[in-house]
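In the order they appear, the protein sequences are chains A, B, C and D.
Just add 2 to wherever you are in the first sequence, counting from 1, and you've got the working numbering.
Just add 2 to wherever you are in the second sequence, counting from 1, and you've got the working numbering.
Just add 244 to wherever you are in the third sequence, counting from 1, and you've got the working numbering.
Just add 244 to wherever you are in the fourth sequence, counting from 1, and you've got the working numbering.
In what follows, a structure is listed as structure tokens, so that the remarks can point back to it.
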Amino acid sequence: MDHRDIPIDVILDIYTRILRIRRFEEEVGKLFRQGQLPGFVHLYIGEEAVAAGVCAALTDEDTIISTHRGHGHVIAKGGDIKRMMAELFGKASGYCKGKGGSMHIADFDIGMLGACGIVGGGIPVAVGAGLSAWYSASERVSLCFFGDGAANEGSFHESLNLASALNLPVIFVCENNQYGEFTPASRAMNIEDIAARAAGYGIPGIIADGSDALEMYRIATAAVQRARAGQGPTLIEAKTHRSGGHAEGEEAFLAGQQYRGEAELAQARAKDPLRLLHTYVAEKDLIPADQLESLDEGITRALREAVAFARESPLPEVDSIYDDLWL
Amino acid sequence: MDHRDIPIDVILDIYTRILRIRRFEEEVGKLFRQGQLPGFVHLYIGEEAVAAGVCAALTDEDTIISTHRGHGHVIAKGGDIKRMMAELFGKASGYCKGKGGSMHIADFDIGMLGACGIVGGGIPVAVGAGLSAWYSASERVSLCFFGDGAANEGSFHESLNLASALNLPVIFVCENNQYGEFTPASRAMNIEDIAARAAGYGIPGIIADGSDALEMYRIATAAVQRARAGQGPTLIEAKTHRSGGHAEGEEAFLAGQQYRGEAELAQARAKDPLRLLHTYVAEKDLIPADQLESLDEGITRALREAVAFARESPLPEVDSIYDDLWL
Amino acid sequence: MPRKTYIAAVQEALAEEMRRDPQVLLIGEDVRIGVFAGTRGLHAEFGDKRVIDTPISELAVAGAGIGAAVTGLRPVVDLMFGTFMFLAFDQIANQAGAMRYMYGGQTNVPVVFMTQNGAGSSAGHHHSQSVHQFFMNMPQIKVVLPSTPYDVKGLLKSAIRDENPVIFLNSLSLGGKRGAVPDEEYLVPLGVADIKRAGNDVSICAVGSAVYTALSAANALAKEGIDAEVIDLRTLSPWDSDAVLESVRKTGRFVAVDESFPTCSAASEWAATVAERAFHDLKAPVQRVNNKDVPVPFSPVLEKAVLPSAEDVIAAVRRTLE
Amino acid sequence: MPRKTYIAAVQEALAEEMRRDPQVLLIGEDVRIGVFAGTRGLHAEFGDKRVIDTPISELAVAGAGIGAAVTGLRPVVDLMFGTFMFLAFDQIANQAGAMRYMYGGQTNVPVVFMTQNGAGSSAGHHHSQSVHQFFMNMPQIKVVLPSTPYDVKGLLKSAIRDENPVIFLNSLSLGGKRGAVPDEEYLVPLGVADIKRAGNDVSICAVGSAVYTALSAANALAKEGIDAEVIDLRTLSPWDSDAVLESVRKTGRFVAVDESFPTCSAASEWAATVAERAFHDLKAPVQRVNNKDVPVPFSPVLEKAVLPSAEDVIAAVRRTLE
Ligand SMILES: Cc1ncc(C[n+]2csc(CCOP(=O)(O)OP(=O)(O)O)c2C)c(N)n1
Ligand SMILES: Cc1ncc(C[n+]2csc(CCOP(=O)(O)OP(=O)(O)O)c2C)c(N)n1
Ligand SMILES: [Mg+2]
Ligand SMILES: [Mg+2]
């Protein structure tokens, strides 16, 4: 890969986003295994380059919508890891006051319009955010993440077609990690590239290496430009891998059943986006090693603080169940 | 057009199906204008070549599923016009004992699994009929008709992908008459050919001249062969035209509003499938003119009988509302 | 006061709100043409950007309305027929009906989903159903089903100004119904019932087309000296239980009339609430009048037989007087 | 009798029916793996053709089940979580729930839609809802929601043999619950309630997980000498109103316990029916215990607070004794 045209500060920014996601997810995995987190958690490890590269191409006004595997998207968009962690703990200081949890984190102030427990459920909402940008003749673009599995939902089809028919500034980013839960994409569809579906809506469909954060950034930037220029939606398919399971603790679900070979897993891990970007930066000597190291230390420290904050935060008052119903 | 390889008896058969549909629909239009039919009726005039050509490629065991514009499909599959007419009149002797009406005619005995008032609603059901053919290793194929408008429903997408993923013997026939109600397809999607969507499911997508019954027959025959041979689904897009309105009596809905220019209508009528096949047959001297004429007379007579039958049939007993609930 | 049709009142409400607030817009299938006339004429006045025809894609269109609502617009999404909402059920229930709560109050969701409710076109089961009961179950959704031109206009305007998702149901069979509608601006607040006929002997609660069924029963009963009160709830969620309970305290008898399938219906809810909270005022068992418990058949003679009739209501009232 | 878990009983029912009848097959997302274990192990025994993993396409998968059912198979469609059924709502309501009637009795529709119902995984609103009330409203759909391993096995076998569409709901929180399940074949008929605890002072009606809430309330009340009868309906549609009315005739008091949003809920239906048909036997107003009327929050402390508790039931019973 060669990305000479991307400025160093952008590369550093993207690297930072990746690293923040990685450390966050590692911590969450640990906390979950320790039984400290209720509910389900779906980690983003292995896929960080997608959210980091894509969100670096967005402004604060642009909006994103996420999935059940959403921590990475929130962080990449600039979310506060303290309030995220508190939400995962179900605390009152969390983003959603403990009402949302891992699959429902939102931060409307930074244009993060919410994660979603329904596969494909966020895609139509993103079309609406695009509609409102178009309607107000704003520069804003609406972007939405979803998986390969979600691309088989009716919501995907209707949304891409609707955004195309109305020529809206919406960017659809399909994170093709090759699996929907335990079913390989190859069994769920008879095509190699989900990007090929874009032709059915008369919009560009672009295949990206989802392990290459800088490629993601470049492709997203082009799609954002198109959208801002009133040229309508783009579908980006990021080929990626989750290096862990579908959900933490899935061994319990699986009860010994295998669905992914060791070779495949090794291959996936070889495409680790953090290591790839680290190597790139190191080889080209773009950012001093000690800067990267102190970055990591800073993030690790911030995470420790986030966990402490989450732990120490009070549980929500029981009476708060009646808040936030109507406005 | 040149269809030398299609035997005369097949051509005559197709011609008969077209003519029977045409006369039926003309009669229904007249009856509706006279206020004799309750509810909505959506006529198939102008599109007859699709149902006729396609159904001629099917056996009695093969199944079809239809739409709100379904009379033509029922007749093409061999339905009884008496029981159809009685159903339109809401009579006890109708196909559904008066419970279905124009949008819900079915004849399970001839593999006509039902028309449907929900746009796109029949497509998933057709996948199921294909599933059961596949499961029982039967030769049967499942075919389903739907419109250009339905191709923008999630059910279209999910169904084509599901049929492809499971490699089922399902044939999807999109009747692209260029309109969904009063919205032109060109405004509902940014693609010229719905057939192009097939690539998104890894199945063949074939464009057919829906005014040419013999072309429809040939294309359907090829798709049927593929399906029977275990090669999976096909999407056929028939370019067609409805020569009348979306629904009879739409002038009341429209209240003077125009949605289709005279030039376009004239163009559509120029592609009249009955006249085209008639001309073909006459020019090639394939079937004697007097045979065609007596065919028409026979159909007209049968229709008169069907109307009389429908008129004279008793209304359903009020208590029959409690029948047909559970088995 | 000028007399206008129900559907003309819908048009007026939409036009007035669109004039008043540029954030209000209309999206749906054939909203330019306005198949049921509720949106007719608006395209001519407001143009392509505010009266937006969509592909036939209920799920995405509903979701687009939601997304637009949480980013500053006030969309009215036209979904044409009640059963078509089943295709958008996920977006309505899982998104509109949950976002504000799930995200801890970070957003409002000012979207209106409008559709035709109930039977009336003799077009078979797929075009003849009431759907209000489904949305009443959803905690974060408001549901409105007006019966008169006056109410439909005033309530639709309130629904559009509401910060929460509202299912706004027009009674299919009432489109041509005429009634007094002032030319001056007015609002009818959500959540407030209206006594359509005052009476002392029995309380009949209804919405939409069923209000007329109740009224015609009440008129017939009046001839026998039975004085029925007809309460039109107008808003189904949140609903004005106070008005109903107050009436029952007066009459001691309760009949729910509801054009919908019976089980877990609005009538069930009203009857249960009355039985729970006005038990000691009741002189007789609560009674429900719904559709017969079968799908809606096509043939007009059968369709009529499955829908609640004035005779059904009269019989129910008589049961309370036994 | 051997003791087995609720979910193991589901497995047994599926396996036995698949062995018995080659027309029975299983389709859905990840049914090979069996995320909730109900379908686990079946792929190994029955192979790719009878245990069919699908794409994530609820609408088409449900429709495929229907199409297969009307052409001779007896599919069990696994839809995983209750809210995912919202995506298939159109096919279930408009097709499965109408085809037989709409087509004048030409076809049977022997399809089972299976899913997890209710809260229990602390996963937020999208994974914590009860959906039985929606399907109860549909005239041509049967609805089952068992509470014990014994019942779930016997009822699932009956559901698969039924000629009509059945929504078969497993209580999410009961998967690991153990109970006696014979190794010999047996069926539990649809539509028949079961008295899970006999009593004379108050009738408590419940289904699924709420049965245990009711039972634990009953046990607590017993210590005070209040003798509650707990009726487990097991089938919600058609439901055994006779059993409930008979019990109320004996006790004169009625409490409905139902883990779901309150409005137009199963509890509303039961309460309305009792008030309508056993009014003169009632010594006190009917009472309902449901979820608090808000979406289901994630945080366990809040989730617990919105779900019906034994304390809620005890309070409701006390209200009937005032
Ligand atoms: C509508 C719906 N169906 C099914 C599920 C269960 N489910 C949760 S995650 C998941 C897999 C999603 O796959 P994909 O879209 O590829 O995202 P990934 O998990 O791979 O990131 C499924 C089936 C769901 N949450 N929502
Ligand atoms: C789910 C649903 N949405 C909307 C409608 C209203 N409607 C009836 S026919 C129709 C147009 C369908 O267009 P198309 O699929 O192209 O079929 P055509 O009428 O042209 O044959 C619409 C929108 C419906 N019946 N069902
Ligand atoms: Mg995936
Ligand atoms: Mg069309």
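Cβ coordinates follow ideal geometry from the N, Cα and C atoms, glycine included.
These figures come from a predicted structure and were not determined experimentally.
query                                                                                                                                                     : result
Checking contacts by CB at 8 Å: is B/MET114 closer than that to chain C?                                                                                  : no
Any C-beta of chain D within less than 9 Å: which residues of the segment 81 to 98 of chain B qualify?                                                    : GLU89, GLY96, TYR97 and CYS98
Is C/ASN361 near ligand 2 - that is, is its Cβ less than 7 Å away from at least one heavy atom of it?                                                     : no
Shortest alpha-carbon distance to B/ILE20 belongs to which of B/ALA308, B/HIS5, B/ARG277 and B/PRO316?                                                    : B/ARG277
Would you say C/LEU568 and C/ASP486 are within 8 Å of each other, going by their C-beta atoms?                                                            : Here chain C comprises residues numbered 245 to 566, so residue 568 of chain C is not present and cannot be evaluated.
Could one say the Cβ of B/GLU155 lies closer than 8 Å to chain A's Cβ atoms, at least one of them?                                                        : yes
May I have the straight-line CA-CA distance separating C/ILE535 from D/PHE412, to the nearest angstrom?                                                   : According to the sequence provided, residue 535 of chain C is Asn. The question's Ile does not apply to it. Spanning the two alpha carbons is a distance of roughly 25 Å.
Is any heavy atom in ligand 4 found nearer than 7 Å to the beta carbon of B/TYR181?                                                                       : yes
Would you say D/THR507 and C/GLU289 are within 8 Å of each other, going by their C-beta atoms?                                                            : no
Using the Cβ count rule (16 or more neighbours within 10 Å means buried), how would you classify C/ASN463?                                                : exposed
Among all the DSSP beta bridges, which residues are the ones paired with C/LEU413?                                                                        : C/THR359
For C/LYS494, which of helix, strand or coil comes out of DSSP?                                                                                           : helix
Using the Cα positions of D/PRO266 and D/GLY282, report the straight-line distance between them to the nearest angstrom.                                  : 19 Å
Beta carbon of A/ASN192, beta carbon of B/TYR203: below 8 Å?                                                                                              : yes
Is any heavy atom in ligand 2 found nearer than 7 Å to the beta carbon of B/ARG71?                                                                        : yes
Please report the residue range of the alpha helix (DSSP H) in which D/GLN255 lies.                                                                       : 250 to 264
Excluding the 5 residues flanking C/GLU547 on each side, which residues of the same chain have their C-beta closer than 8 Å to its C-beta?                : ALA363, SER366, SER372, VAL540 and PRO541
Can you tell me which residues form a DSSP beta bridge with D/ALA500?                                                                                     : D/CYS449 and D/ARG532
To which residues does DSSP link C/ARG422 through a beta bridge?                                                                                          : C/THR249
Under a CB-based cut-off of 8 Å, is D/LEU389 close to chain B?                                                                                            : no
How far does the beta strand (DSSP E) with B/ASN178 in it extend, from its first residue to its last?                                                     : 172 to 178
Give a yes or no on whether 8 Å exceeds the smallest Cβ distance from A/ILE193 to chain B.                                                                : yes
Can you determine whether any heavy atom of ligand 1 sits closer than 7 Å to the C-beta of A/LEU45, and answer yes or no?                                 : no
Taking 8 Å as the threshold (beta carbon to beta carbon), is A/LEU329 in contact with chain C?                                                            : yes
How about D/GLN377: is its C-beta nearer than 8 Å to some C-beta of chain C?                                                                              : yes
Using beta-carbon positions only, say whether A/HIS243 and A/GLY72 come within less than 8 Å of one another.                                              : no
Going straight from the alpha carbon of A/GLU63 to that of A/VAL127, what length do you get?                                                              : 16 Å
Using 8 Å as the threshold, is the segment 53 to 62 of chain B in touch with the segment 212 to 228 of chain B, meaning 3 or more CB pairs across them?   : yes
Using the rule of at least 16 other Cβ atoms within 10 Å of the residue's Cβ for burial, across every protein chain shown, is D/MET245 buried or exposed? : exposed
Would B/PHE255 count as contacting chain C if we go by Cβ distances under 8 Å?                                                                            : yes
Going by other Cβ atoms of all chains shown within 10 Å of its Cβ, with 16 needed for buried, is B/PRO290 buried or exposed?                              : exposed
Of all Cβ atoms in chain A, is any one closer than 8 Å to the Cβ of D/PHE542?                                                                             : yes
Can you tell which of A/LEU256, A/PHE174 and A/ILE77 has its C-alpha closest to the C-alpha of A/ASP15?                                                   : A/ILE77
Report yes or no: is there a C-beta of chain C within less than 8 Å of the C-beta of D/GLY368?                                                            : yes
Which chain C residues are close to A/ALA108, counting only those with a beta carbon under 9 Å from its beta carbon?                                      : MET343, MET346, TYR347, GLY348, GLN350 and THR351
Check whether the Cβ atoms of D/ASP322 and D/VAL275 sit closer than 8 Å, and answer yes or no.                                                            : yes
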